[in-house]
Amino acid sequence: MSDVESVATSVSGSESTAGREIVACLKAHDLDRVFCVPGESFLGVIDALRDDPSISLVTCRHEGGAGFMALADARLMRRPGVVMVSRGPGASNATIAIQTAQEDGVPLVVLVGQVERGHRGRRAFQEVDYAKTYSDLAKWCVEITDPARAGELMAQAIAVSRRGIPGPVVVVTPEDMLEAPCPRAEPVCLGVGLPGVDEIDVAQTAERLAGAKRPLVIAGQAVNHDFGRRALRNFADVWGVAVAASSRQADVLENTHGSYVAHLGYAADRTLVDRLREADLVLAIGTRLGDVTSQGYTFPTAPMPEQALIHVHEDASAIGGVRHVTLGAVADCALFLDRLSERRPAGRPWEPWVAQAHAAYLDWSRWQPVEADDGVVFGAVVDAFSRHLPDDAIVTADAGNFGGWLNRYFRFRGDQILLGPLSGAMGYGVPAAAAAAMRRRKRKAVCFVGDGGFMMTGNELATAIAHDASPVVVIADNGSYGTIRLHQEKRFPGRAYGTALANPDFTRLGEAFGAKTVRVEHADEVEEAVRVAVEASEPVVLHVKTSLEHISATARLSALKT
Numbered sequence: 001m002s003d004v005e006s007v008a009t010s011v012s013g014s015e016s017t018a019g020r021e022i023v024a025c026l027k028a029h030d031l032d033r034v035f036c037v038p039g040e041s042f043l044g045v046i047d048a049l050r051d052d053p054s055i056s057l058v059t060c061r062h063e064g065g066a067g068f069m070a071l072a073d074a075r076l077m078r079r080p081g082v083v084m085v086s087r088g089p090g091a092s093n094a095t096i097a098i099q100t101a102q103e104d105g106v107p108l109v110v111l112v113g114q115v116e117r118g119h120r121g122r123r124a125f126q127e128v129d130y131a132k133t134y135s136d137l138a139k140w141c142v143e144i145t146d147p148a149r150a151g152e153l154m155a156q157a158i159a160v161s162r163r164g165i166p167g168p169v170v171v172v173t174p175e176d177m178l179e180a181p182c183p184r185a186e187p188v189c190l191g192v193g194l195p196g197v198d199e200i201d202v203a204q205t206a207e208r209l210a211g212a213k214r215p216l217v218i219a220g221q222a223v224n225h226d227f228g229r230r231a232l233r234n235f236a237d238v239w240g241v242a243v244a245a246s247s248r249q250a251d252v253l254e255n256t257h258g259s260y261v262a263h264l265g266y267a268a269d270r271t272l273v274d275r276l277r278e279a280d281l282v283l284a285i286g287t288r289l290g291d292v293t294s295q296g297y298t299f300p301t302a303p304m305p306e307q308a309l310i311h312v313h314e315d316a317s318a319i320g321g322v323r324h325v326t327l328g329a330v331a332d333c334a335l336f337l338d339r340l341s342e343r344r345p346a347g348r349p350w351e352p353w354v355a356q357a358h359a360a361y362l363d364w365s366r367w368q369p370v371e372a373d374d375g376v377v378f379g380a381v382v383d384a385f386s387r388h389l390p391d392d393a394i395v396t397a398d399a400g401n402f403g404g405w406l407n408r409y410f411r412f413r414g415d416q417i418l419l420g421p422l423s424g425a426m427g428y429g430v431p432a433a434a435a436a437a438m439r440r441r442k443r444k445a446v447c448f449v450g451d452g453g454f455m456m457t458g459n460e461l462a463t464a465i466a467h468d469a470s471p472v473v474v475i476a477d478n479g480s481y482g483t484i485r486l487h488q489e490k491r492f493p494g495r496a497y498g499t500a501l502a503n504p505d506f507t508r509l510g511e512a513f514g515a516k517t518v519r520v521e522h523a524d525e526v527e528e529a530v531r532v533a534v535e536a537s538e539p540v541v542l543h544v545k546t547s548l549e550h551i552s553a554t555a556r557l558s559a560l561k562t
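According to the UniProt record's numbering, the sequence shown is numbered sequentially starting from 1.
And the structure:
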């Protein structure tokens with residue numbers, strides 16, 4: 001989609017409906033996929049979509065899953081995801097995706113049905129005041145009451161979702177308004193645009209980098225796209241400084257690159273992080289330096305960092321609000337890295353420190369086989385996928401304790417992509433893999449999910465299969481809400497309560513969906529099972545009976561009880 005300036009809406013004279021004007025606006029913005037759980041309150045849009053084959057309608061099994069699919073699609077396409085939900089219960093179910101879009105900084109347009117305009121304010125069936133409901137979650141909430149303005153307000157909503165730090169917008173559409181006649185108008189596309197690059201900022205950053213002894217770059221989501229990753233790789237080649245990935249952005253630079261030193265996510269190794277604290281300058285680019293990335297606001301320390309801090313972001317609100325910065329720059333992050341690469345340093349005195357940090361990362365992320373009496377240690381599964389997946393695989397990660405194994409033992413390389421929620425929302429993994437498999441059919445999409453997360457949105461595997469998509473779903477089944485059990489044992493040792501799960505047979509459940517299923521109960525079965533999953537052309541469910549004793553990549557259950 002091109003960024004163009006706002007133009008006046010021109011009426012052609014022929015008649016349309018508000019629902020059709022909304023669809024025309026989506027088409028004008030190249031938004032070619034809409035996810036939904038159908039509802040009677042937005043049938044006017046569904047009917048219009050039926051007549052436009054350029055936009056595919058993906059019917060999902062739950063609004064939360066539909067929202068997560070739209071978020072994953074937005075990440076892959078670098079344009080807003082679109083989800084439609086019905087009023088009341090449908091909107092409530094979609095709220096988890098709205099909150100995730102806000103925390104993750106992903107553009108999302110949510111069309112929510114509403115009661116008829118004449119019934120508003122009477123507490124009609126499923127009536128909700130969405131402006132109040134989403135006041136702390138959405139960037140903007142607008143209710144379209146005039147059908148003649150439907151296209152105009154949709155264009156504004158799309159633009160708002162993309163401006164600054166991207167996020168969710170909610171467009172409320174009363175049922176009768178969608179089917180009301182209105183003049184057909186030329187669709188409007190509003191300008192968004194990215195900031196440019198101030199060469200003074202680039203020069204000052206380059207000067208400070210060159211004068212540092214142990215410079216460190218923390219790269220975040222605003223860099224994590226095709227152009228940004230190439231710019232970061234080139235910058236790392238030229239400057240040779242240490243590069244750490246912010247939370248859930250482990251794919252931003254190939255993990256085997258000599259500059260890559262850490263993924264600053266959950267379960268980050270304390271020794272690795274302590275080594276990074278030795279940095280005398282931090283260049284944070286494309287990251288908001290949130291709670292998880294900064295290891296609880298301890299690195300860089302808030303409000304006063306121990307190192308010089310240069311913070312570059314595409315939105316000014318991300319800079320200087322939490323911690324003092326030595327230099328703040330509002331800029332296109334990929335372009336900023338390109339400009340830095342043009343200023344080759346005279347020397348690279350930090351190389352020995354970077355080499356030591358990279359070697360420490362490689363040593364920490366090297367899988368050492370471990371066996372358990374109560375199931376498979378999940379690190380063995382992650383290591384096997386890391387070795388066997390193609391260089392362009394798409395990995396989706398749900399939220400849960402299994403993720404610590406992924407953070408530690410999966411080494412991203414080539415064009416591999418990681419999709420995972422910064423918000424920590426369970427239920428993201430399967431819908432994200434379904435969306436990825438539908439959007440990138442020639443690439444292998446693999447979901448890592450726990451037994452708890454799968455039972456929340458695993459039904460969207462049926463959506464993927466209905467659309468002839470073939471994701472691989474890897475279920476870590478330890479019969480527990482593992483993250484909560486871990487914290488429970490730390491705080492109340494030996495008093496487990498409310499965290500055990502009674503699971504179905506996931507192998508048979510996968511077969512019921514129509515997927516190829518493989519059950520893994522022993523470590524010596526892992527290699528062959530992963531090979532089968534990677535080589536399969538059909539959807540696969542890999543059911544792994546995992547060890548509860550090895551509750552995380554850093555802890556054993558028995559040790560926590562003492």
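Ideal Cβ positions, reconstructed from N, Cα and C, are used throughout, including at glycine.
Since the structure is predicted, the reported quantities are computational estimates derived from the model, not experimental observations.
Express the C-alpha separation of residue j and residue i in angstroms, rounding to a whole number.
i: residue 564; j: residue 217; result: A question about residue 564 goes unanswered here, because the residues of the chain that appear run from 1 up to 562.
i: residue 324; j: residue 305; result: 7 Å
i: residue 210; j: residue 105; result: 32 Å
i: residue 402; j: residue 124; result: 44 Å
i: residue 429; j: residue 347; result: 44 Å
i: residue 373; j: residue 215; result: 45 Å
i: residue 18; j: residue 26; result: 13 Å
i: residue 60; j: residue 226; result: 29 Å
i: residue 309; j: residue 561; result: 41 Å
i: residue 212; j: residue 189; result: 45 Å
i: residue 516; j: residue 65; result: 22 Å
i: residue 280; j: residue 307; result: 5 Å
i: residue 162; j: residue 107; result: 6 Å
i: residue 85; j: residue 511; result: 29 Å
i: residue 546; j: residue 248; result: 23 Å
i: residue 94; j: residue 100; result: 10 Å
i: residue 82; j: residue 396; result: 19 Å
i: residue 551; j: residue 253; result: 29 Å
i: residue 160; j: residue 139; result: 7 Å
i: residue 284; j: residue 312; result: 6 Å
i: residue 195; j: residue 330; result: 7 Å
i: residue 518; j: residue 541; result: 6 Å
i: residue 380; j: residue 368; result: 8 Å
i: residue 133; j: residue 527; result: 49 Å
i: residue 468; j: residue 559; result: 46 Å
i: residue 266; j: residue 297; result: 13 Å
In this structure, how does DSSP classify residue i when only helix, strand and coil are distinguished?
i: residue 350; result: coil
i: residue 522; result: coil
i: residue 143; result: strand
i: residue 91; result: helix
i: residue 417; result: strand
i: residue 534; result: helix
Looking only at DSSP bridge pairs, what is residue i linked to?
i: residue 35; result: 58 and 83
i: residue 181; result: 17
i: residue 168; result: 108
i: residue 447; result: 396 and 473
i: residue 298; result: 301
i: residue 546; result: 376
i: residue 114; result: 174
i: residue 283; result: 217 and 310
i: residue 517; result: 541
i: residue 246; result: 264
Do residue i and residue j have their CB atoms nearer than 8 Å?
i: residue 241; j: residue 341; result: no
i: residue 486; j: residue 433; result: no
i: residue 39; j: residue 90; result: yes
i: residue 113; j: residue 42; result: yes
i: residue 436; j: residue 419; result: yes
i: residue 473; j: residue 334; result: no
i: residue 110; j: residue 98; result: yes
i: residue 583; j: residue 479; result: Here the chain has residues from 1 to 562 only, and residue 583 is not among them.
i: residue 46; j: residue 32; result: no
i: residue 505; j: residue 476; result: no
i: residue 376; j: residue 544; result: yes
Using 8 Å for Cβ pairs, my map puts residue i next to residue j. What's the rounded Cβ distance?
i: residue 358; j: residue 259; result: 7 Å
i: residue 243; j: residue 261; result: 7 Å
i: residue 382; j: residue 410; result: 5 Å
i: residue 343; j: residue 206; result: 4 Å
i: residue 426; j: residue 458; result: That belief does not hold up - the Cβ atoms of residue 426 and residue 458 are roughly 11 Å apart, past 8 Å.
i: residue 144; j: residue 171; result: 7 Å
Any beta-carbon of chain B closer than 8 Å to the one on residue i?
i: residue 128; result: Absent from the structure is chain B; it holds one protein chain and no more.
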